[in-house]
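Residue numbering for the sequence shown is 0 to 338, as defined by numbering that gives the first Met the number 0.
The beta carbon of each residue, even a glycine, is placed where N, CA and C say it ideally should be.
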Amino acid sequence: MPLSAHRLSYLDWERNADHPVTKDLHDISLCNPKARELPKSASAQLTQSALRAAEASQMNIDRTIARWRDEATFFDHVAERLAERISPVDPLAIRRYSSSCLRRRFNKEFRFRVLRGLAGKRILDVGCGDGSNSVLLAKLGAQVVGIDISLKSIALAERRAEVNRVTESVKFVCSPLERAEMPANYFDLIWGDTILHHLIENLELLLQRLTSWSKPGTMMLFAEPVNLNHTLRRIRFMVPVKTEGTPDERPLERPELEMVRRFLPDVRMRCFSLLGRLDRFILVGSNYERSALLRRAIVNAMACVDYGLLSLPWIRDLAAYAVIYGHVPKHPTAQKAGR
Numbered sequence: 000m001p002l003s004a005h006r007l008s009y010l011d012w013e014r015n016a017d018h019p020v021t022k023d024l025h026d027i028s029l030c031n032p033k034a035r036e037l038p039k040s041a042s043a044q045l046t047q048s049a050l051r052a053a054e055a056s057q058m059n060i061d062r063t064i065a066r067w068r069d070e071a072t073f074f075d076h077v078a079e080r081l082a083e084r085i086s087p088v089d090p091l092a093i094r095r096y097s098s099s100c101l102r103r104r105f106n107k108e109f110r111f112r113v114l115r116g117l118a119g120k121r122i123l124d125v126g127c128g129d130g131s132n133s134v135l136l137a138k139l140g141a142q143v144v145g146i147d148i149s150l151k152s153i154a155l156a157e158r159r160a161e162v163n164r165v166t167e168s169v170k171f172v173c174s175p176l177e178r179a180e181m182p183a184n185y186f187d188l189i190w191g192d193t194i195l196h197h198l199i200e201n202l203e204l205l206l207q208r209l210t211s212w213s214k215p216g217t218m219m220l221f222a223e224p225v226n227l228n229h230t231l232r233r234i235r236f237m238v239p240v241k242t243e244g245t246p247d248e249r250p251l252e253r254p255e256l257e258m259v260r261r262f263l264p265d266v267r268m269r270c271f272s273l274l275g276r277l278d279r280f281i282l283v284g285s286n287y288e289r290s291a292l293l294r295r296a297i298v299n300a301m302a303c304v305d306y307g308l309l310s311l312p313w314i315r316d317l318a319a320y321a322v323i324y325g326h327v328p329k330h331p332t333a334q335k336a337g338r
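Right, dumping it as structure tokens:
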């Protein structure tokens with residue numbers, strides 16, 4: 000695979016603007032970091048509107064770097080907690096997700112049902128975290144590139160690939176997506192597991208980048224938390240239950256889903272997790288494959304009810320998660336028409 004793994008901490012991104020992974024933000028249409036050091040003579044010639052624009056650019060840079068720092072630090076801590084849990088992929092999980100009878104009522108099985116035949120495909124795992132999905136995809140025959148902002152998560156992912164003997168099939172890159180360098184028209188599939196809701200501020204830019212790295216006709220598939228009912232969301236915030244997350248993340252809402260449609264004109268969405276939110280209280284360690292038959296039977300029944308209820312338009316908006324998938328247009332005019 001013609002990719003080398005960049006391994007940088009957020010301090011590298013902040014301190015070294017000339018690093019190949021952190022070249023000018025201006026190059027990717029965020030803003031111009033050279034506004035940090037405007038010469039006095041140039042500043043004197045700027046109009047008030049230009050100065051305001053420069054200040055806005057500076058704020059955008061600082062906000063972006065702060066978000067990178069927060070995300071990297073948060074997921075570094077998550078990786079530290081998971082560091083002792085690396086083991087080979089459960090053979091039951093491989094059998095489950097490679098089955099010819101994948102069940103639509105389960106979120107992850109639904110995703111693999113949509114994908115089918117992964118052998119030989121080049122896949123970008125966006126926000127790969129500890130590499131669990133990257134390794135599973137490789138075990139199912141794909142050539143995978145995993146990218147994540149957390150250096151410790153990438154180190155964990157590399158160890159996981161070694162334990163599972165798939166190092167020839169998986170490469171990892173540590174970088175913000177805004178900074179990453181990938182070959183154009185390279186990937187057959189873009190896979191994202193709860194990643195877009197971390198990137199809402201620059202979502203349009205990031206979808207542009209993912210599209211440029213994809214071959215025409217490439218499928219993008221994301222599993223994301225969604226907020227399709229604002230009343231339900233307000234009620235949720237009234238409940239004093241602490242949740243773990245980064246400061247800037249929030250579920251995707253309709254404007255973000257419409258933006259995805261601009262890049263994937265045939266986008267489809269399947270909603271999940273109404274009763275399914277209770278799975279964690281039933282499955283031992285959230286492990287479906289190794290839970291007792293009775294526990295799996297209860298989860299199966301809830302998933303069936305979930306699937307039926309969330310097929311109804313007036314219930315669908317209560318879903319907590321959705322699988323969002325569609326194809327990059329095969330012809331550029333198709334994408335323009337979707338805009």
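Query                                                                                                                          : Result
C-alpha gap between isoleucine 297 and aspartate 69, whole angstroms                                                           : 38 Å
Alpha helix (DSSP H) runs wholly inside the region 104 to 129, at least 4 long, in chain order                                 : 106 to 114
Euclidean distance between Cα positions of tryptophan 190 and alanine 291                                                      : 30 Å
Local conformation of proline 224 per DSSP, three classes                                                                      : strand
Three-state class that DSSP yields for tyrosine 320 in the structure shown                                                     : strand
Whether leucine 220 touches arginine 253 by CB criterion (8 Å)                                                                 : no
Residue burial classification, asparagine 15 (beta-carbon count within 10 angstroms, cutoff 16)                                : Confidence is the limiting factor: at asparagine 15 the pLDDT is only 46, short of 50, which leaves the residue's position unreliable, though a coordinate-based value still follows. Asparagine 15 comes out exposed.
CB of methionine 268 within 8 Å of CB of alanine 321, strictly                                                                 : yes
Nearest-angstrom Cβ-Cβ length linking histidine 137 and valine 165, presumed shorter than 8 Å                                  : Going by the sequence as given, residue 137 is alanine instead of histidine. About 4 Å separates the two Cβ atoms, so the contact holds.
The ligand ZN heavy atom lying under 7 Å from the CB of valine 88                                                              : This structure simply doesn't include the ligand ZN, nor any ligand for that matter.
Endpoints, alpha helix (DSSP H) assigned at isoleucine 146                                                                     : Run containing isoleucine 146: none in the alpha helix (DSSP H); it sits in the beta strand (DSSP E), 142 to 147.
Among Ala160, Arg115 and Asp89, nearest to serine 133 - alpha-carbon criterion                                                 : Ala160
Boundaries of the beta strand (DSSP E) in which isoleucine 281 is found, first to last residue                                 : Where isoleucine 281 is concerned, there is no enclosing beta strand (DSSP E), given that its DSSP letter is neither H nor E.
Terminal residues of the alpha helix (DSSP H) in which leucine 91 lies                                                         : 90 to 96
Three-state secondary structure assigned by DSSP to arginine 66                                                                : helix
Whole-angstrom C-beta distance between leucine 135 and leucine 81, which should lie under 8 Å                                  : That belief does not hold up - the Cβ atoms of leucine 81 and leucine 135 are roughly 16 Å apart, past 8 Å.
Sequence-distant residues of its chain with Cβ nearer than 7 Å to leucine 308 (five each side left out)                        : Leu273 and Ile314
Contact check, leucine 342 vs leucine 114, beta carbons under 8 Å                                                              : This structure cannot speak to residue 342, because the chain is shown only from 0 to 338.
N- and C-terminal bounds of the alpha helix (DSSP H) containing lysine 170                                                     : Segment 169 to 173 is the beta strand (DSSP E) holding lysine 170; no alpha helix (DSSP H) there.
Cysteine 100 - DSSP class collapsed to helix/strand/coil                                                                       : coil
Reference glycine 145, options Leu139, Glu157, Ser131 and Asp124, closest by Cα                                                : Asp124
Residues of its chain near histidine 326, where Cβ-Cβ distance is below 7 Å and the 5 sequence neighbours each way are ignored : Gly216, Thr217, Met218, Leu263 and Asp265
Distance between alanine 78 and leucine 282 (C-alpha atoms, nearest Å)                                                         : 23 Å
Ordered list of alpha helix (DSSP H) runs contained in the region 183 to 228, each at least 4 residues                         : 202 to 212
Segment limits, alpha helix (DSSP H) that includes methionine 258                                                              : 253 to 262
Counted within 10 angstroms of its Cβ, other Cβ atoms place alanine 43 as buried (16 or more) or exposed                       : Any reading at alanine 43 is ruled out, since the residue's pLDDT is 49, under 50, leaving its predicted position unreliable.
Bridge partners - arginine 267, DSSP secondary structure assignment                                                            : Tyr324
Cβ-Cβ distance between arginine 261 and isoleucine 199 below 8 Å                                                               : no
Contact belief for serine 149 with aspartate 75 at Cβ below 8 Å, rounded distance in angstroms                                 : 5 Å
Close Cβ partners of aspartate 192 (< 6 Å) along its chain, the five nearest in sequence each way excluded                     : Asn132 and Ala222
Closest Cα partner of cysteine 303 within the set Leu209, Ile323, Ile85 and Phe109                                             : Phe109
Buried or exposed (CB count within 10 angstroms, at least 16 for buried), arginine 103                                         : exposed
Per-residue DSSP class, three states only, for valine 304                                                                      : helix
Per-residue DSSP class, three states only, for leucine 311                                                                     : coil
Beta-carbon separation (whole angstroms), arginine 279 vs tyrosine 287, contact threshold 8 Å                                  : Going by Cβ atoms, the distance from arginine 279 to tyrosine 287 rounds to 11 Å, so no, they are not a contact pair.
Local conformation of isoleucine 60 per DSSP, three classes                                                                    : helix
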